[in-house]
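J.:
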Amino acid sequence: QRHLLSIADLKQHEIIDLLDRAERMVPVSRQERKTLPTLAGKTQINLFFEPSTRTQGSFEIAGKRLGALVMNMSVKTSSVSKGETLIDTATTLNAMRPDVIVVRHSAAGAVELLSQKVGCAVINAGDGAHEHPTQALLDALTIRNHKGRISGLTVAICGDIANSRVVRSNLLLLGALNVRTRVIAPRNLLPAGIEHLATEVFTDMREGLKDVDVVMMLRLQHERANGRMIPSVREYYRFYGLDAEKLSFAKPDVIVMHPGPMNRGVEIDPAIADGPASVVTEQVEMGVAVRMAVLDALLPARNNEGNQP
Ligand code: CP
Numbered sequence: 024q025r026h027l028l029s030i031a032d033l034k035q036h037e038i039i040d041l042l043d044r045a046e047r048m049v050p051v052s053r054q055e056r057k058t059l060p061t062l063a064g065k066t067q068i069n070l071f072f073e074p075s076t077r078t079q080g081s082f083e084i085a086g087k088r089l090g091a092l093v094m095n096m097s098v099k100t101s102s103v104s105k106g107e108t109l110i111d112t113a114t115t116l117n118a119m120r121p122d123v124i125v126v127r128h129s130a131a132g133a134v135e136l137l138s139q140k141v142g143c144a145v146i147n148a149g150d151g152a153h154e155h156p157t158q159a160l161l162d163a164l165t166i167r168n169h170k171g172r173i174s175g176l177t178v179a180i181c182g183d184i185a186n187s188r189v190v191r192s193n194l195l196l197l198g199a200l201n202v203r204t205r206v207i208a209p210r211n212l213l214p215a216g217i218e219h220l221a222t223e224v225f226t227d228m229r230e231g232l233k234d235v236d237v238v239m240m241l242r243l244q245h246e247r248a249n250g251r252m253i254p255s256v257r258e259y260y261r262f263y264g265l266d267a268e269k270l271s272f273a274k275p276d277v278i279v280m281h282p283g284p285m286n287r288g289v290e291i292d293p294a295i296a297d298g299p300a301s302v303v304t305e306q307v308e309m310g311v312a313v314r315m316a317v318l319d320a321l322l323p324a325r326n327n328e329g330n331q332p
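Position 68 (the sequence shown) corresponds to 91 in the UniProt record's numbering; numbering is contiguous.
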């Protein structure tokens, strides 16, 4: 059974294949062409234990544009709210014979655990501070669309590195495509062991942004702080908020990205978020095409014999 749990599971050619496949999906994702019914007769369950606007919405649209029957489990009104465990929830949903379950959970590793208990494909839509593979894929597609290439570029990822699943998936994916990466953050928002990752580490925004092609801003994640000291918002914005002055250190044709949701005035000046260098809404748009590509790539390989874990 094939799943998408981590970018680490993908070889370079598989990443490029998914990006190329997503590019071919763009006209359908934008409804410039009719629905492509490659998932007709398939059932997709979206199981989100954490809030989501972009990922859940785009997975739903992606599945529907490909002709799947899509069911969104509302965790708040499900039996999870009565104490049903992750495994029991997975076993119950598996009995409904889905072809794919898209899962978001607050615990790192929870999606992989669930994948071992079901007989269908499982896609990680974000697990704790571990990984968010489809976000990294849509980020890469957005970069490639704008720059015409991806290898050889320099990408700076700035902000709450310690708590970010987006940064982990992006460092793996960009590294696999020979992109030079930098992370920029205050020391208390850098994870332990960051020096062992294949990325340059900066604590000063102006130094870290010098001559970069792409700036990726991250949300300050108060919900994952776990007692870790988060700087005051005013202080954080002064030193790490992306404004025109700090952005002027990057290349003149720099693009600015943010996975969303954005904290305007915390990690990014609204004038930059809405300015000419921002590709934030295009990231959302590419999200639909990338999720169509991932569903399309995973589902034809499915073993149709049944849903035995
Ligand atoms: N980027 C992202 O995962 O956004 P959502 O939390 O809205 O899905």
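Idealized CB from N, CA, C, for every residue including glycine.
1. Roughly how many angstroms lie between the CA atoms of Leu197 and Ser81, to the nearest whole one?
2. For Leu241, which option in Arg191, Ala273, Arg203 has the closest C-alpha, if you only look at C-alpha atoms?
3. Cβ atoms of Val224 and Thr177: under 8 Å apart, would you say?
4. With a 10 Å radius around its C-beta and 16 neighbouring C-beta atoms as the bar for buried, classify Glu107 as buried or exposed.
5. As a quick exercise: from Ser52, Arg229, Thr114, Ser129, pick the residue whose alpha carbon is nearest that of Cys143.
6. Please say whether Phe71 and Val98 have beta carbons closer to each other than 8 Å?
7. Going residue by residue through the region 113-154, where are the continuous alpha helix (DSSP H) segments of at least 4 residues, counting only ones entirely within it?
8. With DSSP as the reference, please indicate the residues paired to Leu27 in a beta bridge.
9. Sorry if obvious, but does the Cβ on Gly283 come closer than 7 Å to a heavy atom of ligand 1?
10. Closer than 7 Å: is that where the CB of Thr222 sits relative to any heavy atom of ligand 1?
11. Return yes when the Cβ of Ser75 is within less than 8 Å of the Cβ of Asn147, no when it is not.
12. Does Arg188 pass the burial test, meaning 16 or more other C-beta atoms within 10 Å, or should it be called exposed?
13. Can you determine whether any heavy atom of ligand 1 sits closer than 7 Å to the C-beta of Arg77, and answer yes or no?
14. Just to confirm, does Gln158 get its C-beta within under 7 Å of one of the non-hydrogen atoms of ligand 1?
15. Going by beta-carbon coordinates alone, are Leu318 and Leu89 separated by less than 8 Å?
16. Please give me, in chain order, every unbroken run of the alpha helix (DSSP H) with length at least 4 that falls completely inside the region 180-255.
17. Applying the criterion that 16 or more other CB atoms from any shown protein chain within 10 Å of the CB defines a buried residue, is Glu290 buried or exposed?
18. What does the Cβ neighbour count give for His281, buried or exposed, with the cut at 16 atoms within 10 Å?
19. For Val49, which residues of its own chain have a beta-carbon under 6 Å away from its beta-carbon, when the five flanking residues on both sides are left out?
20. Would you mind reading off the limits of the alpha helix (DSSP H) that contains Leu164?
21. Which of the three DSSP states, helix, strand or coil, is assigned to Gln54?
22. Quick one, which of Leu136, Gln139, Ala294, Ile180 has its alpha-carbon nearest Ala159's?
23. Between Gln35 and Leu62, what straight-line distance do the alpha-carbon atoms span, to the nearest angstrom?
24. For His155, is the beta carbon positioned less than 7 Å from some heavy atom of ligand 1?
25. Could you have a look at Leu270 and say whether DSSP puts it in helix, strand or coil?
26. Got a sec? Which residues, its chain only, sit under 7 Å from Lys274 by beta carbon, not counting five neighbours each side?
27. Which same chain residues, not among the five before or five after Glu328, have their C-beta less than 6 Å away from its C-beta?
28. Skipping 5 residues on each side, what residues in its chain have a beta carbon closer than 6 Å to that of Met239?
29. At the level of alpha carbons, what is the spacing between Arg77 and Glu305?
30. Does the separation of the CB atoms of Thr226 and Ala208 fall below 8 Å?
T.: To lay it out plainly:
1. Cα-Cα distance, rounded: 23 Å.
2. Closest by alpha carbon: Arg191.
3. Cβ distance not < 8 Å, so Thr177 and Val224 don't count as in contact.
4. Looking at its Cβ environment, which holds fewer than 16 other Cβ atoms inside 10 Å, Glu107 is exposed.
5. Out of Ser52, Arg229, Thr114, Ser129, Thr114 has the C-alpha closest to the C-alpha of Cys143.
6. Taking 8 Å as the Cβ cut-off, Val98 and Phe71 qualify as a contacting pair.
7. List check, alpha helix (DSSP H) in window: 133-138.
8. Its beta-bridge partners are Ile146.
9. Flag set: Cβ of Gly283 near ligand 1.
10. Flag unset: Cβ of Thr222 not near ligand 1.
11. No, they are not a contact pair.
12. The residue in question, Arg188, is buried, as its Cβ has 16 or more Cβ neighbours within 10 Å.
13. Ligand 1 approaches Arg77 closely enough that one of its heavy atoms is under 7 Å from the residue's Cβ.
14. Gln158 Cβ: within cutoff of ligand 1.
15. Yes, Cβ-Cβ distance for Leu318 and Leu89 is below 8 Å.
16. Counting only runs of 4 or more, we get 188-199, 228-232.
17. Classification for Glu290: buried.
18. Burial state of His281 is buried, judged by a 10 Å Cβ sphere holding 16 or more other Cβ atoms.
19. Hits under 6 Å: Ala312.
20. Note, Leu164: alpha helix (DSSP H), 156-170.
21. If DSSP states are grouped into helix, strand and coil, Gln54 belongs with coil.
22. Closest option to Ala159, Cα to Cα, is Ile180.
23. Computed Cα separation, rounded: 26 Å.
24. Distance from the C-beta of His155 to the nearest heavy atom of ligand 1 is below 7 Å.
25. Note: Leu270 maps to helix in three-state DSSP.
26. If we look at Lys274 and ignore the five residues flanking it on each side, its Cβ neighbours are Asp234, Val235, Asp236.
27. Note that Glu328 scores 46 on pLDDT, short of 50, meaning its location in the model is unreliable and no value can be drawn from it.
28. Leaving aside the five residues that flank Met239 on each side, the residues in its chain whose CB is nearer than 6 Å to its CB run, in chain order, Ile180, Met280.
29. Cα to Cα, the separation comes out at about 12 Å.
30. The answer is yes: Cβ separation under 8 Å.
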